[in-house]
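So the protein lines, in turn, are chains A and B. For the first sequence, position 52 matches number 52 in this note's numbering, and the numbering has no gaps at all. For the second sequence, position 223 matches number 1223 in this note's numbering, and the numbering has no gaps at all.
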Amino acid sequence: MRKYDKLIFELSKPGRRAFKLPESSIEEKNLEELIPAEFLSDEELDLPELSEVDIIRHYINLSNKNYGVDTGFYPLGSCTMKYNPKINEDMAGLDGFQNIHPFQSEDTVQGALQLMYELDKALCEISGMDKMTLQPAAGAHGELTGLALIKAYHEHRGDTKRTKIIVPDSAHGTNPASAMMAGFQTIEIKSTEEGLVDIESLKAALDDEVAGLMLTNPNTLGLFERHIVEIAKLVHDAGGLLYYDGANANAILGKVRPGDMGFDVVHFNLHKTFSTPHGGGGPGSGPVGVKKILMDYLPTPTVEKDGDRYYLNYNIPHSVGRMKDFYGHFSILVRAYSYILAMGKDGLKTVSEMAVLNANYLAHKLKDYYNLPEGTIYKHEFVMAGLKGALSDVTTLDVAKRLLDYGYHPPTIYFPLIVNEALMTEPTESESIETLDEFAEVMIKIAEEAKENPELLKEAPHNTPIGRPDEARAARNPVLRYEG
Amino acid sequence: MYPYIQNTKEDIKRMLETIGIDSVDHLFSDIPEDIRFDRELDLKPSMSEMEVRKYLTDMSKKNLTINDLTCFLGAGAYDHYIPSVVKHITSRSEFYTSYTPYQPEVSQGTLQYIFEYQTLICKLTGMEVANASLYDGGTAIAEAAIMATNITRKDQLVISKTVNPQYREVLKTYAHLQNLEVIEVDEAEGVTNLDELKKNVTDKTAAVIVQSPNFFGIVEDLKAIEEIAHSQKKTLFVTCVDPISLGILKSPGSLGADIVVGEGQSLGISLQFGGPYLGFIAVNKAHMRRLPGRLVGETVDANGKRAFVLTLQAREQHIRREKATSNICSNQGINTLAAAVYLVTLGKQGLREVAARSTQMAHYAYSEMIKSGKFKPLFNKPFFKEFAVTSDIDADTVNKKLLDEKILGGYALEKDYPQYKNGILYAVTEKRTKEEIDKLISVLEGIE
């Protein structure tokens, strides 16, 4: 591969062009006649000058420095890096979905509204909820939306002293941050030795100031919170509501539903469970589902059906308002619905069964070399507490970097915070037994290297486009744009 | 058989044997029986790719698109031309199937394009630091407002009613959650009422928030507004801007803005029924550490080679948890790539030309539309690519007649501005031709 190390700005050469407008069809005036000169810029734009060839080669070379699910195994825990089916991209790219304006009249977008309506229904069935809002832009945005609903519920009942949200210490970092954004205080409760919610800590935290509990189930350790019915009862009896963080929903499709566990509000990450691409960080989509008691607070608009006609409903009596512009990340919704159609009621259940089987198989293969509790049943993911037999100074970071040398993306590292040297591993249903076996062999080989030649790990990676970057320097002296 | 699941019956058998259990069901035995889902999901059975394609293609055909209709609709989402290179680059699956670049050694592609995107947003807005993006224009305003309240430790936000009504709704939702006060300042003749603004800016004001070109397409007097905003020592001046307009208009940075935000959909992102789009935010260095969301920075690797990493992460939700000041943990990823590719493809000359052409065509449409007197200007102020007119005819009637002639008419203002009954906001981009505009005028003139 070419050794490519240019920034786009370094390719610029005066006079190059990659874009041309057609000749103007009208007689144009001086801009100053249209807009007063005081508003017009009198400086040239500081943008590069490039040809189309320059641009394509630049970005193709950059793409070669990236690792995606299409490149190889990507067992990043809690991120559900499953395969992104290509038909989804094609469907999102259909003229009828890609090129419609959000303010077109409803009669010209019946297909788009139908898709949203059907997706709403499908997600309700999968989650056991009564109504969805498809508006939230991402998982964290779904959390904020769900918490806004919980807040509105208590406010509407005049129960304004409920200012606290309980979050277990195993929760995703977004949970406490979302609670803060929603104007709540967070109470963190400890997990048991096993990694489940500690019922006694929960009881101690519950009072009439608690608005709700946020819970991920299966949790970030890949464990099913088997006391969920009791937990739900405790929270409800104390007057609180239950929020389901759907980041880990890949383990439960067709097997168990948040609505049946006792949750009042749930978000899904369509970019995890429903196969839409992660896009290098986004855009995601985080639809939120609610039980009937919260329906009157949903953001506007929702999508409804009247006879054969689909429409946007702005008439929601106690709506929390608008969480974002327009109706959500529509083209992500198209991809997710394409996936739900392809998998169907039978396939979605198989997805969770195979995701769970793959996780348990891989955990079993690694348990003699990495710290894992004995005899545990995992759901979609498992968390290893680093290498077995406390070795010199080889860390989880070193293991992760060495994995890069073998062509794998490492698991999520140092999360959840309650596990030392955590390697949070989620293989997903997309992977074959061959891939899992090969990955396990490499992990075992790395465990051996850690004993025999720790320097190999400390200095890894050795054959990636760059070596370990100096992150401290980046933070100490931030260079956040090209200054050349 | 499912194309995206690889385990065969034989594989499953072998895996179960390895684990030492006899069935997959055993792996779900930790779920209490009384809550296990014991029926089939009430969904359609799985479909082949052929069936999915047919089902969704048929559904998509129930929509009329901007390829079926000539689009004069804007109001925050615009029909600008998207060069072919954008789609070709964003379709590289090394880009779109990757995650957030947590492992920089194998994510230099993503990290570098975000770094380039940050640079381009800085150059365009005249600011020093841009983040890796936010969800959209509305949430960018909300994040900017919250940021301003954290910086100033004041809890009052003053926003002009000429700011996109959706953005104001989003701001109000977020503000309610954090107990912040939002004061909306009236407009006068399509621009922010400066006297009203003056009255409302006090030592309690965290930020003055305006949009220019504003929702009506009119260029606001940012200089005058800046003076009012900064008449209070700590108050921050937040401006929301159409990035295309910066091809010809003075940058908010050069006019004293403290925070610049906007909707980046115009930068090579399809209309796609409202999302996903692209929120951008840029500030000066003083506020760098208060920025929400991700930042990519330059550094060197172990061999001294230039490299890019996520940086200043101590600000972010996954580190700060309940002490965080924003919960955003994604960015708009592939849409930032689209925007970067769009900007470098248009380049120094092209962006100016697209901005200027949009202005020229919009002004041509405006002058033709008001010629006969049937449609009257709603305001008499300088505008960029959108303008508002009114008439004796109800906006819905006008738009229905236009639709009959395959024209996607403008935005009816009445629902957000009841005082502008029958008012319609038209958007004209560089894609529109004289022929299309003349047809629009002739259909409008023919409406009874």
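Idealized CB from N, CA, C, for every residue including glycine. The structure presented is a predicted model; accordingly, all values stated were derived computationally and were not measured.
Requested in this report: Compare the Cα-Cα distances from residue 1422 of chain B to each of B/1432, B/1409, B/1428 and B/1230 and report the closest residue.
Outcome: Within the second sequence, residue 1422 of chain B is the residue found at index 422, counting from 1. For the residues B/1432, B/1409, B/1428 and B/1230, the minimum Cα distance to residue 1422 of chain B belongs to B/1409.
Requested in this report: Tell me whether residue 1073 of chain B sits in a helix, a strand or coil according to DSSP, three-state version.
Outcome: The sequence position of residue 1073 of chain B within the second sequence is 73, counting from 1. Note: residue 1073 of chain B maps to coil in three-state DSSP.
Query raised in the report: What did DSSP end up calling residue 1438 of chain B once you bin it into helix, strand or coil?
Result: Here residue 1438 of chain B is taken as the residue at index 438 of the second sequence, counted from 1. Judged by DSSP in its simplified three-state form, residue 1438 of chain B adopts helix.
Report task. Taking 8 Å as the threshold, find out whether the region 136–153 of chain A comes into contact with the region 316–334 of chain A through three or more Cβ pairs. Result -> Verdict: yes, contact present.
Query raised in the report: Going along chain A in order, which residues have a C-beta closer than 7 Å to the C-beta of residue 1061 of chain B?
Result: The residue labelled residue 1061 of chain B in the question sits at position 61 within the second sequence. Under the 7 Å cutoff, chain A gives 96 and 111.
Query raised in the report: How do the region 1232–1248 of chain B and the region 1436–1446 of chain B stand: do at least 3 beta-carbon pairs fall below 8 Å, yes or no?
Result: With a cut-off of 8 Å, the region 1436–1446 of chain B and the region 1232–1248 of chain B do not count as touching, because too few Cβ pairs lie within range.
Query raised in the report: Going by other Cβ atoms of all chains shown within 10 Å of its Cβ, with 16 needed for buried, is residue 238 of chain A buried or exposed?
Result: The sequence position of residue 238 of chain A within the first sequence is 238, counting from 1. In the assembly as shown, residue 238 of chain A is a buried residue. Its beta-carbon has 16 or more other beta-carbons within 10 Å.
Query - residue 310 of chain A versus residue 303 of chain A - alpha carbon distance - result: As a working note, residue 310 of chain A is residue 310 in the first sequence. As a working note, residue 303 of chain A is residue 303 in the first sequence. Each residue's alpha carbon lies about 7 Å from the other.
Query - CB contact below 8 Å: residue 1244 of chain B versus chain A - result: As a first step, residue 1244 of chain B must be located in the second sequence, where it is residue number 244. For residue 1244 of chain B, the answer is no, since every Cβ of chain A falls outside 8 Å of its Cβ.
Requested in this report: Write down every uninterrupted run of the beta strand (DSSP E) in the region 105–171 of chain A whose length is 3 residues or greater and which is fully enclosed by it, in chain order.
Outcome: Runs found: 131–133 and 164–168.
Requested in this report: Taking 8 Å as the threshold, find out whether the region 1302–1319 of chain B comes into contact with the region 1356–1374 of chain B through three or more Cβ pairs.
Outcome: Between the region 1302–1319 of chain B and the region 1356–1374 of chain B, the count of C-beta pairs closer than 8 Å stays below three; the two stretches do not touch.
Query raised in the report: If we call anything under 8 Å between Cβ atoms a contact, is residue 427 of chain A one with residue 371 of chain A?
Result: As a position in the first sequence, residue 427 of chain A is number 427, starting the count at 1. As a position in the first sequence, residue 371 of chain A is number 371, starting the count at 1. No, Cβ-Cβ distance for residue 427 of chain A and residue 371 of chain A is not below 8 Å.
Query raised in the report: Can you tell which of B/1431, B/1380 and B/1426 has its C-alpha closest to the C-alpha of residue 36 of chain A?
Result: Taking the first sequence and counting its residues from 1, one reaches residue 36 of chain A at position 36. Closest by alpha carbon: B/1380.
Query raised in the report: Going along chain B, which residues have a C-beta under 9 Å from residue 150 of chain A?
Result: One-based indexing of the first sequence puts residue 150 of chain A at position 150. Those do not exist, as residue 150 of chain A stays about 11 Å from chain B at its closest Cβ, beyond 9 Å.
Query raised in the report: If you follow the beta strand (DSSP E) that residue 313 of chain A is part of, which residue opens it and which one closes it?
Result: Along the first sequence, one-based indexing puts residue 313 of chain A at 313. DSSP places residue 313 of chain A inside the beta strand (DSSP E), whose first and last residues are 309–313.
Requested in this report: Give a yes or no on whether the C-beta atoms belonging to residue 287 of chain A and residue 384 of chain A are separated by under 8 Å.
Outcome: Here the question's residue 287 of chain A lines up with position 287 in the first sequence. Here the question's residue 384 of chain A lines up with position 384 in the first sequence. Result no, Cβ atoms of residue 287 of chain A and residue 384 of chain A do not sit closer than 8 Å.
**Report entry** Cross-chain neighbours of residue 1211 of chain B in chain A, by beta carbon under 8 Å
**Finding:** In the second sequence, counting from the first residue as 1, residue 1211 of chain B sits at position 211. By Cβ distance, chain A contributes nothing, its closest Cβ being about 13 Å from residue 1211 of chain B, past 8 Å.
Query raised in the report: Could you check where the beta strand (DSSP E) with residue 1096 of chain B kicks off and where it finishes?
Result: Numbered from its first residue, the second sequence carries residue 1096 of chain B at position 96. No beta strand (DSSP E) contains residue 1096 of chain B, which is instead part of the alpha helix (DSSP H) from 1093–1096.
Report task. Indicate the three-state DSSP secondary structure (helix, strand or coil) for residue 1113 of chain B in the structure shown. Result -> Working through the second sequence from its first residue, we reach residue 1113 of chain B at position 113. The answer is helix: DSSP assigns residue 1113 of chain B an H, G or I state.
Query raised in the report: What three-state label does DSSP hand residue 1063 of chain B in the structure shown?
Result: Counting from 1 along the second sequence, the entry for residue 1063 of chain B is found at position 63. Correct three-state label for residue 1063 of chain B: strand.
Query raised in the report: Residues of chain B with CB under 9 Å from residue 351 of chain A, in chain order?
Result: Here the question's residue 351 of chain A lines up with position 351 in the first sequence. Chain B residues near residue 351 of chain A: 1002, 1004 and 1005.
Query raised in the report: When DSSP builds the beta bridges, which residues end up paired with residue 1208 of chain B?
Result: Counting from 1 along the second sequence, the entry for residue 1208 of chain B is found at position 208. According to DSSP, which records beta bridges pairwise, residue 1208 of chain B is partnered with B/1158 and B/1237.
**Report entry** Rounded separation between residue 245 of chain A and residue 1349 of chain B - CA only
**Finding:** Locating residue 245 of chain A in the first sequence gives position 245, counting from the first residue. Locating residue 1349 of chain B in the second sequence gives position 349, counting from the first residue. Each residue's Cα considered, the two are about 47 Å apart.
**Report entry** Listed by chain order, chain A residues near residue 1030 of chain B by CB distance under 7 Å
**Finding:** Within the second sequence, the letter at position 30 stands for residue 1030 of chain B. Those are 224, 226 and 377, listed as they occur along chain A.
Query raised in the report: Taking residue 470 of chain A as the reference, which of B/1382, B/1305, B/1342 and B/1445 has the closest Cα?
Result: Taking the first sequence and counting its residues from 1, one reaches residue 470 of chain A at position 470. Residue 470 of chain A has its Cα closest to that of B/1305, out of B/1382, B/1305, B/1342 and B/1445.
Report task. Report, in whole angstroms, the separation of the C-beta atoms of residue 284 of chain A and residue 269 of chain A, which I expect to be a contact under 8 Å. Result -> For the purposes of this step, residue 284 of chain A is taken as residue 284 along the first sequence, with counting starting at 1. For the purposes of this step, residue 269 of chain A is taken as residue 269 along the first sequence, with counting starting at 1. With 8 Å as the limit, residue 284 of chain A and residue 269 of chain A qualify as a contact, their Cβ atoms being about 6 Å apart.
Query raised in the report: From residue 1164 of chain B to residue 212 of chain A, what does the alpha carbon distance come to, in whole angstroms?
Result: Residue numbering aside, residue 1164 of chain B sits at position 164 when the second sequence is read from its first letter. Residue numbering aside, residue 212 of chain A sits at position 212 when the first sequence is read from its first letter. Cα to Cα, residue 1164 of chain B sits roughly 34 Å from residue 212 of chain A.
Query raised in the report: Cβ atoms of residue 210 of chain A and residue 162 of chain A: under 8 Å apart, would you say?
Result: One-based indexing of the first sequence puts residue 162 of chain A at position 162. One-based indexing of the first sequence puts residue 210 of chain A at position 210. Between residue 162 of chain A and residue 210 of chain A, the C-beta spacing is below 8 Å.
**Report entry** Same chain only: Cβ atoms within 6 Å of residue 409 of chain A, ignoring 5 sequence neighbours per side
**Finding:** Within the first sequence, residue 409 of chain A is the residue found at index 409, counting from 1. The residues are 67 and 74.
Report task. Please check the pair residue 1066 of chain B and residue 40 of chain A, which I expect to be a contact at CB under 8 Å, by giving their CB distance rounded to whole angstroms. Result -> Within the second sequence, numbered from 1, the residue matching residue 1066 of chain B stands at position 66. Within the first sequence, numbered from 1, the residue matching residue 40 of chain A stands at position 40. Their Cβ separation, rounded to whole angstroms, is 29 Å, which puts residue 1066 of chain B and residue 40 of chain A out of contact at 8 Å.
Query raised in the report: For residue 44 of chain A and chain B, any beta-carbon pair shorter than 8 Å?
Result: For this step, residue 44 of chain A is matched to residue 44 along the first sequence. Proximity of residue 44 of chain A to chain B, defined by a Cβ-Cβ separation below 8 Å, is satisfied.
Report task. Give, in chain order, every residue of the region 316–345 of chain A whose Cβ lies closer than 8 Å to some Cβ of chain B. Result -> The residues in question are 320, 321, 322, 323, 324, 325, 326, 327, 328, 329, 330, 331, 332, 334, 337, 338, 340, 341, 342, 343, 344 and 345.
Query raised in the report: Does residue 439 of chain A have its Cβ less than 8 Å from a Cβ in chain B?
Result: The residue labelled residue 439 of chain A in the question sits at position 439 within the first sequence. So no, residue 439 of chain A is outside the interface.
Query raised in the report: Which residues mark the beginning and the end of the alpha helix (DSSP H) in which residue 330 of chain A is found?
Result: Numbered from its first residue, the first sequence carries residue 330 of chain A at position 330. Following the DSSP letters along the chain, one finds residue 330 of chain A inside the alpha helix (DSSP H) bounded by residues 330–366.
Query - Cross-strand partners of residue 196 of chain A (DSSP beta bridge) - result: Within the first sequence, the letter at position 196 stands for residue 196 of chain A. Partner(s): none; residue 196 of chain A has no beta bridge.
Report task. Kindly list, in the order they appear in chain B, the residues whose Cβ is closer than 8 Å to that of residue 410 of chain A. Result -> Stepping through the first sequence from its first residue, residue 410 of chain A is reached at position 410. Close partners of residue 410 of chain A in chain B (Cβ separation under 8 Å): 1103.
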